[in-house]
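> Residue numbers (our numbering), protein chains in the order written: chain A, 197 to 485; chain B, -9 to 835.
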């Protein structure tokens, strides 16, 4: 099935911005789970410089700068992505979680060397005993990794309340654990902290979720978690919706945490007061006859 | 003199009372009690000079340190943005043979570290093959992922590198730390040399000490060679985090010495993927950034977003190959103790040879066996953090109590990878001059290495830092240690070479002065204003103090009261002085406080301190002589007040001197500055302030209701330094209209308001924004209005009284002038200094 994603970010300023430098990660990746069919990035006012590159994690990062004084900057990304359904995994067939942790620590294969960098703390995700303590009930000795991860995912879903007012874009993960409220970004960071604190590699996935009655987080860009499972690759889990992403999630970028993959970031000179609005729309592509 | 002989040895020991401590290797005295050969020329001379002679010579050395303004900033000390650089007169001497060993080892180490960086930011073979633990790289905040795969010109990551060396009791040199980010101290080493060679010129020449200028020339050549798009005259800037950085002095000094423009992040901007310097003349392309700022702070867009120190878009400009950065972005990764534990293996693997100088024994606790070893040998090690940003203070295992040791072990067991242990060595000692005798102190030698062609070149010398006492184990300028010049003995006489005298390549004649960033123009403008402001305050104060005890002479008293009104209006004195009998005593107290108590914000000393601070921000722009004058001046006002009966005469003396010093300062600054935009902004500041002050002098000195008191007019003329002119024109008769004409309207009097306004008009005519004849900027219109206003004024009209008997015409004119001058200052700020416009971070989920 193909999904069409429209993601619009608008900055409005009370005073003119004389120059802005911006970096966006809005172009969906192509992977085993999805194929990018169409992508278009429209920026108003039109930038003088626009350069796309692959970043350290293989995401497409696009840099642009606008030096025409402006009171409003609009960034619109339009993408069409074919999402491939895959056979559901049997959680009990996945390796024991301790075994994965040890293999990664040994990193004697390309696969485990690549996973290793996601086991350490990163700018937005600390590792600490309080996160390990929270994870522990889900990971008794010898439990298959995916069973444990799904259990942890479910506990976060049940024990934390989705609340857009409780946190901001920069709330630290320690506080999320304490206040037990947050949004998808917070839940993803928390789950990553828990997994890493017991020695499992986990990465942060930024992307989109198809709108639907039962899904949370589709009105803006979405975020979830990917955990490494030797022999099975990276397995996605969405703690905000308590499920394993399948046909309704579109992956834009992944990294160690939000700071590696924030969809839009920039530095502007001037501008006075600023306001941001973000609109995301994800829908199946209408079938053409 | 035969120093190996017992007589000379005893003579030296007796004269200087130097006792080396047998527990340590001493640089001067060998184990058998003899002076080591490389020290002979120095020791011979010290015997000739004697302790008293050295004391005399060293006074000169200290004066040089003070007058050259060699300073060091201590973080977290609000009292001092600048502390005098602690320098010891006795250099460290290293023999030619020994130096060759050090040199070879340093070349090898720089080559190795450069190769490691190339691998880590490229294919990462070292990590994949397990030669270097991945955790040390992946967890390090200095591993800048956006810089992976960036092409560095000529494969050079480290353009300059420094190592801290120490010598253990067996005489072996060890590396104790690597500095790969933006090593500091090379400039201080050079300053130390300038001072020490002037204090001991005779010895210096006789001992065949090797010069350091070649080293800096090599550095310059290397930097010139990595400019990306070959241009005839590349623009190279030295990027400093700013005046509050601990080694800002050095940044300004090196920028001057190397001939680069000193800039802060805010002076640079990225447009169309290229870096530009924001100057008054517009944007000028920058080809190379020599950074003294940590790499992670260099670009708030791609690197650390929580700091606005950097240049947004810089990494992308580097990626596009339009600008080069030295050292390359990302080199801070190796500035940590842990990688050193793996260098022997890496050296064999990468260079196919053994490491020539060992690193002090280092254990990274992230591996089980080293951890167990460290845990059971805590007494013999120093514990340091593996990654930057945590508590960076080293922990000396031997100094821990039982409880502290248990706590440390617990922390280490919880996260062993966070800790590195290094063997605690007893550092060797070197003599330090201490109040007439020599004392042994521990030291660490920082050696500097620069890329040169395919290899590296080592500075013959370095920065020697000594501990505060023989018990201290930490060598740190931050914590009060001292420093020394470092003499490397050559094989024969060394040819004279100075960077300033003989460039390797003859330069083309150029009329261009240093590019003027708008931030610097701003500072120059305010320096001009503040110097002028202080001069007026000093002149008014002197006029009052000299008339303080003159109750019996009404003319004198009237002059004094006019001065008091002016000072009160300018905010120096309180406005509520009682009219009663104790008035003189109160006034005297307030005046003395204003003169002597530099802690009061309204005092002359405190104002002067601000001027000195501004001048200090402009260190790379102001001549060394002008700076010396200012330093001297600042010191005059820092001395305590003389005892009671002499206070007033002492104050008069101080004020007389102050006026001379201020004139000398403005004179020198003005005379030694090229007539470019920098000079213009300084003079605009000065003229604007002088015009403004004259308006205030007349308003408050003359008063709205005229009186015929000639004392008042005389005081006014004296303050305005126009008394002689007046006398020569009008002999003794004092008339308000004549005084007004001279001080306000006479364009020939260099003190008059009209004179200042005419100069301002000229300056503004020449400024970049005024060039367009279609759209005249606001400051141009204001300058024309101001000048026209005084040119059209009639002195007879101004001196005419209104029906209420007041000088309302004059008062109206003065008020208008004051308002327009204020608007002029604002207009200039808007047109030229708007660099202060804040950048801000944008984020969206």
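Ideal Cβ positions, reconstructed from N, Cα and C, are used throughout, including at glycine. From a predicted model like this one, the values you see are computed outputs, not experimental measurements.
Of the residues that make up the stretch 201 to 212 of chain B, which ones have a beta carbon closer than 7 Å to any beta carbon in chain A?
From the stretch 201 to 212 of chain B, no residue has a Cβ closer than 7 Å to chain A.
> In the DSSP output, which residue or residues are listed as bridge partners for residue 423/B?
Bridge partners of residue 423/B: 428/B.
> To the nearest angstrom, report how far apart residue 310/B and residue 343/A are at their CA atoms.
The straight-line gap from Cα to Cα measures roughly 47 Å.
> How is the alpha helix (DSSP H) around residue 810/B delimited, first residue to last?
Note, residue 810/B: alpha helix (DSSP H), 798 to 822.
> Could you please give the first and the last residue of the uninterrupted beta strand (DSSP E) stretch that includes residue 198/A?
That run of the beta strand (DSSP E) goes 198 to 223.
> Quick check: is the beta carbon of residue 408/A nearer than 8 Å to any beta carbon in chain B?
Not an interface residue.
> Only counting the same chain, and skipping five residues up and downstream in sequence, which positions put a Cβ closer than 8 Å to that of residue 811/B?
So the list reads 678, 681, 682, 685, 776, once near-sequence residues are dropped.
> Assuming residue 734/B contacts residue 780/B (C-beta within less than 8 Å), just tell me the rounded distance between them.
Going by Cβ atoms, the distance from residue 734/B to residue 780/B rounds to 7 Å, so yes, they are a contact pair.
> Below 8 Å on the Cβ atoms is my contact criterion, and I expect residue 714/B with residue 691/B to pass it. Report the Cβ-Cβ distance as a whole number of Å.
Rounded, the Cβ-Cβ distance is 18 Å, inconsistent with contact.
> Check each residue of the stretch 111 to 134 of chain B: if its Cβ is closer than 7 Å to any Cβ of chain A, include it; give the result in chain order.
Residues 118, 124, 125, 128, 129.
> Can you tell me whether residue 268/B is buried or exposed? The criterion is at least 16 other CB atoms within 10 Å of its CB, across all chains shown.
Residue 268/B should be labelled buried.
> Rounded to the nearest angstrom, what separates residue 153/B and residue 303/A at their Cα positions?
Using only the alpha carbons, I get a separation of about 33 Å.
> Can you tell me which of the three DSSP states residue 17/B falls into?
DSSP places residue 17/B in coil when its eight states are reduced to three.
> Going along chain B in order, which residues have a C-beta closer than 7 Å to the C-beta of residue 309/A?
Under the 7 Å cutoff, chain B gives 118.
> Could you tell me whether the stretch 427 to 445 of chain B touches the stretch 3 to 18 of chain B, using the rule of 3 or more Cβ pairs below 8 Å?
With the cut-off at 8 Å, the stretch 427 to 445 of chain B and the stretch 3 to 18 of chain B touch.
> Are there 16 or more other CB atoms within 10 angstroms of the CB of residue 392/B, so buried, or fewer, so exposed?
By the 10 Å Cβ count, residue 392/B comes out exposed.
> Just to confirm my understanding: we take residue 282/B, look at its own chain, exclude 5 residues before and 5 after, and list those with CB closer than 6 Å. What are they?
Closer than 6 Å at Cβ, skipping near neighbours: 172, 230, 241.
> Can you grab the Cα-Cα spacing for the pair residue 309/A / residue 223/A, in whole Å?
Distance between the alpha carbons of residue 309/A and residue 223/A: 26 Å.
> Please report how far the alpha carbon of residue 433/A lies from the alpha carbon of residue 329/B, in whole angstroms.
Roughly 36 Å between the two C-alpha positions.
> Identify the contact partners of residue 303/B in chain A, using a Cβ-Cβ distance below 7 Å as the criterion.
Correct list: 217, 261.
> Verify whether the separation of the beta carbon atoms of residue 44/B and residue 32/B is less than 8 Å.
For residue 44/B and residue 32/B, no; Cβs fall outside 8 Å.
> Any C-beta of chain A sitting closer than 8 Å to the C-beta of residue 263/B?
So, interface residue.
> Give me the residue from 323/B, 610/B, 438/B with the minimum Cα distance to residue 180/B.
Residue 438/B is the option with its Cα nearest to residue 180/B.
> How far does the beta strand (DSSP E) with residue 266/A in it reach, from first residue to last?
That run of the beta strand (DSSP E) goes 266 to 279.
> What residue ranges within the stretch 639 to 702 of chain B form continuous alpha helix (DSSP H) runs of no fewer than 4 residues, ordered along the chain?
Whole alpha helix (DSSP H) segments, 4+ residues: 667 to 692.
> Residues bridged to residue 472/A by DSSP?
According to DSSP, residue 472/A bridges with 207/A.
> For residue 476/B, report the span of its alpha helix (DSSP H) as first-last.
Element bounds for residue 476/B: not the alpha helix (DSSP H) but the beta strand (DSSP E), 472 to 478.
> Taking the alpha carbon of residue 836/B as the point to measure from, which residue in 648/B, 126/B, 574/B, 530/B has its own alpha carbon closest?
It is not possible to answer for residue 836/B, since the shown part of chain B is limited to -9 through 835.
> How many Å lie between residue 206/A and residue 303/B at the Cα?
Approximately 21 Å, taken between the alpha carbons.
> For residue 842/B, does the count of other Cβ atoms within 10 angstroms reach 16, so buried, or fall short, so exposed?
The displayed coordinates of chain B run from -9 to 835. Any statement about residue 842/B would go beyond what the structure contains.
> Mind checking residue 447/A: buried by the 16 CB within 10 Å criterion, or exposed?
Result: buried.
> Which residue from 744/B, 99/B, 446/B puts its Cα closest to that of residue 730/B?
Comparing Cα-Cα distances from residue 730/B to each of 744/B, 99/B, 446/B, the minimum goes to 744/B.
> Can you grab the Cα-Cα spacing for the pair residue 348/B / residue 294/A, in whole Å?
Rounded to whole angstroms, residue 348/B to residue 294/A spans 39 Å at the Cα level.
> Indicate the three-state DSSP secondary structure (helix, strand or coil) for residue 276/B in the structure shown.
Reduced to three states, the DSSP call for residue 276/B is coil.
> With distances taken Cα to Cα, identify the nearest neighbour of residue 760/B among 817/B, 630/B, 637/B.
Of the listed residues, the one whose Cα sits closest to residue 760/B is 817/B.
> Please tell me whether residue 285/B and residue 256/B are closer than 8 Å, where the distance is taken between their beta carbons.
Their beta carbons are not under 8 Å apart, which means residue 285/B does not touch residue 256/B by this criterion.
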